[in-house]
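Engineer:
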Amino acid sequence: MTTGDEGSAGPDAPVRQLYGEPFDSGFALAQEHQLAADHGAASAVYEQLLALADSVEDSPDVRFLRAHLLSDLASVRLTAPDLAGAEDAVERSRRLLDGIASEPMGPRGRQLWLEVLLKTLLSGADLLRRSGRLDEALACLDEAALRLPEFEDVEGLRASELGLNRVHLLMERGEWGRAEEHASALLSTMSEAVAEAAKESGPETAQEPGAQATARPVLETVPRLLTALGLICSSTGRYDLAEDYFTRAEDGFRALGDVGEQRTLVVHRAYTAMHRGEPDLAERLFAEAAAVFAQQERFGDLAVCEQARGYLAGLRGDVTRAADLLGSSLARFERLGAVIAAADTMLLGAQQAYDRGDIAEMKRLAQQARDAYQAREVYERCAQVDLLLAKTLEHNLNVTDHGDREPESVSTALSLALPAALALEAARYDFATAHARSQWLQLADDAMALAFRLAVRRQDQGLLFELVEHRCAGASLALDRAAASAARTGPVGPAVFPGAAVKVYGPGGRDGSAPTLGGVAADAAASAGLRVAPPPKVRMSAESGRVALQEYVAAAEFRYHRRIVDEEEVPFWVTDDLTARPVVQIRLADADDLFMAWTWAGGARGFGTGHGPADEVDRAVGALAAALPGAGDGAEGMRRAFATGALTDREAERRLARELARALWPEGLTEQIRQVAARAGRPLIRIQPSPRVAQVPWELLAVDDTGDVRLIELADVVTTAPASLRRTRVTDASTDVGTDTREADAPVTVPHGETDAVVLVLDPRVPGFRADSPLGSVLGPPGSDPELLSLVRRRLDAGAVVPSVAAPAEAFRRTDLDRDWLSGALRKRPRRLMYVGHVSGAPVEGGQSEDGTLHLCCGPGTDGLAEPVRTHRPLSAKDLLLGTLPLRADGEPGARIWPAPPRVALIGCESGGDLRFAESFGLATAMLHNGAELVTAARWPLPTSFAFHRLGGLPESVRPLTDAVLAVDAAHEDPDPVRHFTGWQRERLTRWRATGRVEHSPLLWAAMTSIVV
465 MTTGDEGSAG PDAPVRQLYG EPFDSGFALA QEHQLAADHG AASAVYEQLL
515 ALADSVEDSP DVRFLRAHLL SDLASVRLTA PDLAGAEDAV ERSRRLLDGI
565 ASEPMGPRGR QLWLEVLLKT LLSGADLLRR SGRLDEALAC LDEAALRLPE
615 FEDVEGLRAS ELGLNRVHLL MERGEWGRAE EHASALLSTM SEAVAEAAKE
665 SGPETAQEPG AQATARPVLE TVPRLLTALG LICSSTGRYD LAEDYFTRAE
715 DGFRALGDVG EQRTLVVHRA YTAMHRGEPD LAERLFAEAA AVFAQQERFG
765 DLAVCEQARG YLAGLRGDVT RAADLLGSSL ARFERLGAVI AAADTMLLGA
815 QQAYDRGDIA EMKRLAQQAR DAYQAREVYE RCAQVDLLLA KTLEHNLNVT
865 DHGDREPESV STALSLALPA ALALEAARYD FATAHARSQW LQLADDAMAL
915 AFRLAVRRQD QGLLFELVEH RCAGASLALD RAAASAARTG PVGPAVFPGA
965 AVKVYGPGGR DGSAPTLGGV AADAAASAGL RVAPPPKVRM SAESGRVALQ
1015 EYVAAAEFRY HRRIVDEEEV PFWVTDDLTA RPVVQIRLAD ADDLFMAWTW
1065 AGGARGFGTG HGPADEVDRA VGALAAALPG AGDGAEGMRR AFATGALTDR
1115 EAERRLAREL ARALWPEGLT EQIRQVAARA GRPLIRIQPS PRVAQVPWEL
1165 LAVDDTGDVR LIELADVVTT APASLRRTRV TDASTDVGTD TREADAPVTV
1215 PHGETDAVVL VLDPRVPGFR ADSPLGSVLG PPGSDPELLS LVRRRLDAGA
1265 VVPSVAAPAE AFRRTDLDRD WLSGALRKRP RRLMYVGHVS GAPVEGGQSE
1315 DGTLHLCCGP GTDGLAEPVR THRPLSAKDL LLGTLPLRAD GEPGARIWPA
1365 PPRVALIGCE SGGDLRFAES FGLATAMLHN GAELVTAARW PLPTSFAFHR
1415 LGGLPESVRP LTDAVLAVDA AHEDPDPVRH FTGWQRERLT RWRATGRVEH
1465 SPLLWAAMTS IVV
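The sequence shown begins at 465 in my numbering and counts up one residue at a time.
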């Protein structure tokens, strides 16, 4: 049974028969006014009907009629908004409903009573949310959830309404990740209801009143959910996706004839333009919306527009106009009782007061805003205030001589900035996808850069060291969804201006379900996200038990009620068989400038920090990027790298190597390496690059101003993965992986190297792609390369080879090497895996390293998490990590399906590009997670031998890629694979400097690196 508020409105709509005339027609007329955004007329109709109901002889039925009218009137007043009037209507409706709860009523009457009660509860929650009483709003929603099972919600309409209200509450708290996940789930799970509603509203039933009444509420919730998703994306930096949602929402509102919501979308788009850096467009849209809202006396929405326009006026330097607009906005919000919105205006006013030099006013407004946020447990806004105060302190330090008090002032700024920055950075763990997290981190980086600047200003080398260690610890993979959930409070806003989503809301309270989404919105809703949890604590000292940034982490968790780090600890330094000599561990972190921290072990002692200015770093990295074949450029990028790239010209490469060293490498560290080498032999450099410098070939750096001495000539170099992998990767044991019944997110224990087999996946044939196509052969026709045949023969002579072959040529271009075969081969616990073939790297701008793929022989019908490519489904890093957990209820994590042997070679284009991402969960990292101790992979796209022949003019008898394959194979057979492989690279460097011939170019050999944990 549905109530009158859900029927079709308009002059031709049938009138629902519930109470008799004039009430039924009055309900329909009021709804018509609502759709036309004439809230004053709608309120007048309800008030007239209430007066008429009061004149009727009292009875339970009349009291129910009055409760229904008051419930609908509360919705109108919320939209107006008139929060005080809405609260009065909600309270009166609830008293009347409670008063007749025990009266006798039939099944139909009971359902009507439940429906009006649910609507009143949801209106009450909306009211409490808007007035900043968030805990009370949540309690109201919880009560509605308890009542919902009693209601015959056949189409899930009230359930969707409840869900939409929860989305709005999460948005108000700033819990963007949870809000997005909840809204996307509503769209996804209700798609069948939409399809059914569409069927019922088809041509054959379009004239049936019952069908229209059923379809309309379904369709009304859809654009509201899409609007919520658009606001979430706009507030978290995903502007294209936000516009996609807004466009679809606009189409929905237009189909419904909902003029008011179409106008409100103008405000949402204005927010997107403002955050996107288009102030002129934003001003025009806000002004257009403000004129309409003023005319309609929608003073809450008008206050929102004034707040935004005041912010924009401040950006333009129009101080008087900004103060007037913000003052008007604040007054309106205070009259309406919108406490959080009023505090947001105060925060904006505080920023502008500081900009004009009125420090006393800035402090007054900021403290008032913070008090309001703290009282209502909106902790992300508290952090915004703290960041504002820290920035103002930094600015004051820049323009004022603090004398002997400067250290104290810097420490005060750090005590505000660093906990807030940690909370902001940790906010990303609420999001279900790496793309959303990467976009959020772009917004969060400004806060962390402030913390780094203040640490530099204090000349606190220990704090800088710990900042780098924490920043490099890396997120932890959370296969168990519950393990990824963060504290109740959501992300901290990235800027002083409040997010769009916490300002303007649709009235909610309409039911519906999801349409079939199109464009990027469909991808976002359907994508299986890779969930992560906070990084582990990084233990800095075994003796003291200190963990990185411990006092700042504790402050952040206390102030902002958000978990910053996991309870598990990992040491910042690990020694293993690869470090049985002097070793320097280097980690780099991006925070505007590039920051480095290093420490010595293995017989050498000491540590240090350094940083490179952002402009110098960006210039050097840009020069490197221009020399590389871009992953998305295909054949043209490779042609350019051969024709004009610095890595194929000896003199240009030398200049590039020197430029990189000047920007990225501290001279003091070079001197330390020389001293250690002279005393204890060639050291090992373990380097964890930041995303910005992840493609840098560190081996090539020319670290001597007086000569052409390269880093690889002073030390062996190996790349390290984030410390978080130490706690999530598989470990050695004799447990049978097929019978492991622990939780999905527990570290998987599998045995290593129980057979002497080597798994060789050599140029597998990709279904649907000819040998000369983009996913064709990388090694040439089987049997055409005698050195590769000799490699297979040596492995056959040394022990078992998988797949089993009678002759070496049978190992190449096979058609049976799919993911199921690979799983079976790896479950037999070989000692090595070598893959030579196609790899498709994930786009860095997408933020999802787990989308990198291997191309095996899998057909399109194979189960997996990557989209098919024509007649082939690639095996993605996401598959290797998540396995079949997202595909079926009894799924297994990837580490059980594809346990990695101790040594893995992935020789393919950008197979080691994981570290270019803020979250390293690509192919190489997946292999480490699944048990590998060392993975050799490529930093950038690799040229095949055929590319050298065609673009470099080499004869077919010269096969540089074959040489690289042989070198990796030999290194992985050596007890010290890093020393062996870097020795081969030194030999290549010597030939390159001696001859300058393209076959010795670092374009190929410098792309390869070994990655360890």
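From the three backbone atoms N, C-alpha and C, an ideal C-beta is built for every residue, glycine too.
Taking 7 Å as the limit between beta carbons, can you name the residues of its chain near P1155, skipping five residues before and five after?
Structural biologist: Answer for P1155: D1054, L1379, R1380, F1381, A1382, listed in chain order.
Engineer: Which term fits I823, buried or exposed, when burial requires 16 or more other beta carbons within 10 angstroms of its beta carbon?
Structural biologist: Exposed.
Engineer: Just the Cα atoms here: how many angstroms apart are E1309 and C697?
Structural biologist: Whole-angstrom Cα-Cα distance: 16 Å.
Engineer: Is it buried or exposed for E496, if we count other Cβ within 10 angstroms and need 16 for buried?
Structural biologist: Buried: at least 16 other Cβ atoms inside 10 Å.
Engineer: Do L811 and A833 have their beta-carbon atoms positioned less than 8 Å apart in this structure?
Structural biologist: Against a cut-off of 8 Å, the Cβ pair of L811 and A833 comes out as a contact.
Engineer: Would A885 pass as a contact of Y837 if the rule is Cβ separation under 8 Å?
Structural biologist: Cβ atoms of A885 and Y837: not closer than 8 Å.
Engineer: Could you tell me the distance, in whole angstroms, from the CA atom of A854 to the CA atom of L779?
Structural biologist: About 20 Å.
Engineer: Hey, would you say R1283 sits closer than 8 Å to V1222, going by beta carbons?
Structural biologist: Contact: no.
Engineer: What does K1001 pair with, by DSSP beta-bridge criteria?
Structural biologist: Answer is E1033, bridged to K1001.
Engineer: Exposed or buried, what is P1439 when buried is set at 16 or more other beta-carbons lying within 10 Å of its beta-carbon?
Structural biologist: P1439 should be labelled exposed.
Engineer: Among the residues of its own chain, which have a CB less than 7 Å from the CB of S792, if the five just before and after it don't count?
Structural biologist: E770.
Engineer: DSSP state of V1181, grouped into three classes?
Structural biologist: Strand at V1181.
Engineer: DSSP on A1061, reduced to helix/strand/coil?
Structural biologist: A1061 falls in the strand class under three-state DSSP.
Engineer: Consult DSSP for L1351 and reduce its assignment to one of helix, strand or coil.
Structural biologist: Correct three-state label for L1351: coil.
Engineer: My understanding is that L612 touches L650, with C-beta atoms under 8 Å, so please give their C-beta distance in whole angstroms.
Structural biologist: Contact flag wrong, Cβ pair sits at about 14 Å.
Engineer: If we count the other Cβ atoms within 10 Å of its Cβ and call it buried at 16 or more, is D1354 buried or exposed?
Structural biologist: D1354 should be labelled exposed.
Engineer: Using 8 Å as the threshold, is the segment 1381-1396 in touch with the segment 1420-1433, meaning 3 or more CB pairs across them?
Structural biologist: No: fewer than three Cβ pairs fall under 8 Å.
Engineer: Just the Cα atoms here: how many angstroms apart are I1176 and T1446?
Structural biologist: Computed Cα separation, rounded: 7 Å.
Engineer: By Cβ distance, which residues of its chain are closer than 7 Å to P524, with the 5 residues on each side in sequence left out?
Structural biologist: I564, E567.
Engineer: Could you spell out where the alpha helix (DSSP H) holding T736 opens and where it closes?
Structural biologist: It spans 723-740 - the alpha helix (DSSP H) in which T736 sits, taken as one unbroken run.
Engineer: For the alpha helix (DSSP H) holding R1122, just list the boundary residues, first then last.
Structural biologist: 1114-1128 is the extent of the alpha helix (DSSP H) around R1122.
Engineer: Skipping 5 residues on each side, what residues in its chain have a beta carbon closer than 7 Å to that of G549?
Structural biologist: If we look at G549 and ignore the five residues flanking it on each side, its Cβ neighbours are R541.
Engineer: Can you give me the C-alpha to C-alpha distance between S977 and A692, rounded to a whole angstrom?
Structural biologist: With a pLDDT of 31 at S977, under the threshold of 50, the predicted position of this residue should be treated as unreliable, and no value is reported.
Engineer: When you compare only the Cα positions, how much space is there between R840 and S587?
Structural biologist: Those two C-alpha atoms are separated by around 20 Å.
Engineer: Whole angstroms are fine: how far does the CA of P687 sit from the CA of L729?
Structural biologist: Near 11 Å, if we compare the C-alpha coordinates of P687 and L729.
Engineer: Per DSSP, G1072 forms a beta bridge with which residues?
Structural biologist: Paired residues: W1062.
Engineer: Counting beta carbon pairs with one atom in the segment 551-561 and one in the segment 518-536, are three or more of them shorter than 8 Å?
Structural biologist: They touch, by the three-pair rule.
Engineer: Could you have a look at M569 and say whether DSSP puts it in helix, strand or coil?
Structural biologist: In the structure shown, M569 sits in coil (DSSP, three-state: anything other than H, G, I, E or B).
Engineer: Does the Cβ-Cβ distance between A939 and P1035 come in under 8 Å?
Structural biologist: No.
Engineer: Taking all protein chains shown into account, do 16 or more other C-beta atoms lie within 10 angstroms of the C-beta of L1392, making it buried, or fewer, making it exposed?
Structural biologist: Result: buried.
Engineer: In angstroms with no decimal places, state the Cα-to-Cα distance between M826 and M1004.
Structural biologist: In a straight line, the C-alpha of M826 is about 39 Å away from that of M1004.
Engineer: Should V1181 and Y1299 be called a contact, given that it needs their Cβ atoms to be closer than 8 Å?
Structural biologist: No.
Engineer: Using the Cβ count rule (16 or more neighbours within 10 Å means buried), how would you classify R572?
Structural biologist: R572 is exposed by the Cβ-count criterion.
Engineer: Grab the span of the alpha helix (DSSP H) containing Y818 for me, first residue to last.
Structural biologist: Unbroken alpha helix (DSSP H) run through Y818: 803-819.
Engineer: Comparing C-alpha positions only, which one of P1246, G596, T1134 sits nearest to A1275?
Structural biologist: The residue with the shortest Cα to Cα distance from A1275 is P1246.
Engineer: Considering only the beta carbon of each residue, do L529 and F491 sit closer than 8 Å?
Structural biologist: No, the pair does not count as a contact, with Cβ atoms beyond the cut-off.
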